[in-house]
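Note that the working numbering has the sequence shown beginning at 82, numbered continuously upward.
For every residue, glycine included, the Cβ atom is placed at its ideal position computed from N, Cα and C.
Small disclaimer: the values here were computed from a predicted structure and weren't measured.
Worksheet: the structure to be examined is printed underneath.
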Amino acid sequence: MNKVNESLVYLFHIKAKNAKEYHLTSATSAVSTGGAMYLPYSGLALKLANFNDSAENYIILQGVFEERGIGQKTDLIGSEIKIMHFKDNEARHIVTYICTQYLRQDLKFEIKCESEAIKYNQSLLQKFSKTCRANFGDDKCKIKLEEYAEQCDIVQVSGNVVHCNIQEHKGAYFKGGTMIVKDEVQGEYKFKIIAHGRDSVEIENNLKFDFAEQRQITLLPGCDKNFRTCCYSFKNAVNFRGEPTIPENNIIR
């Protein structure tokens, strides 16, 4: 990490994402070059520069909020920042980076600038997913939920646990799914199923609904987005939108 020589003059051409542009300089007076006027507002200066063989390169700029420069309401995240060194009445380009961090501290601020390559400097594994990216029942999943709906007779209701004559399913088939109750007076209610036992489902608490006169419910299954569930519970492996065979991030361990 290199400290910056404060005697040098730097020019900063900032293009914010809202299309507003700033021409600022670290000099104490305005600098005219290349048909543009760089103004000494916000006291913008190059504080630190880090360049190494691992391509962990970044620059830290610092300044103070000022109406004619960078204001407190200015959003610089994602801005393109061209940094130049000005010497002998000539501007020499150093880097054009983007703002990846913008730290506000009362009256002053710091900007972290990094190469756009930072967007691609991510683990390839993070581009993929072992779980499905489709939403259960959407046009990518192609599951028709009505085909998996099961009507059950209510046997008993204990708090938020509903006992009913559910057909035998392996595993927590209805966990994460929906329980639907239709009542002529109370209307249609939908409850999220948080657990599924052999002959009961546990739903989220909802004290507004009275189960006293209810005789029947409809259960819709849920999906945990895992390949085994897609394959064995719904026989829908052909539409699984994930990569279940990719290694874990901690493959070395």
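Whose CA, out of K189, L127, A198, lies closest to the CA of L92? L127
With a floor of 3 residues, list each beta strand (DSSP E) that falls wholly inside the stretch 116 to 164, ordered by position along the chain. 117 to 119, 126 to 131, 139 to 145
Where DSSP assigns a beta bridge to Y270, which residues make up the other side? V262
So does the stretch 298 to 311 actually touch the stretch 213 to 225, counting three or more Cβ pairs closer than 8 Å? yes
Exposed unless 16 or more other CB atoms sit within 10 angstroms - verdict on F217: buried
Can you grab the Cα-Cα spacing for the pair H94 / S160, in whole Å? 10 Å
Within 10 angstroms of its Cβ, does L205 collect 16 or more other Cβ (buried), or is it exposed? With a pLDDT of 46 at L205, under the threshold of 50, the modelled position of this residue cannot be trusted; read the value that follows with caution. Label assigned to L205: exposed.
C-alpha distance - C245 paired with A276, whole-angstrom precision: 14 Å
Run through the DSSP bridge pairs and tell me what F255 is partnered with. Paired residues: none, contrary to the question.
By Cβ distance, which residues of its chain are closer than 8 Å to T114, with the 5 residues on each side in sequence left out? L92, F167, N170, E171, A172
What is the DSSP secondary structure of L226, reduced to helix, strand or coil? helix
Would you say N145 and K193 are within 8 Å of each other, going by their C-beta atoms? Strictly speaking, residue 145 in this sequence is Val, with Asn absent from that position. No. Outside cutoff.
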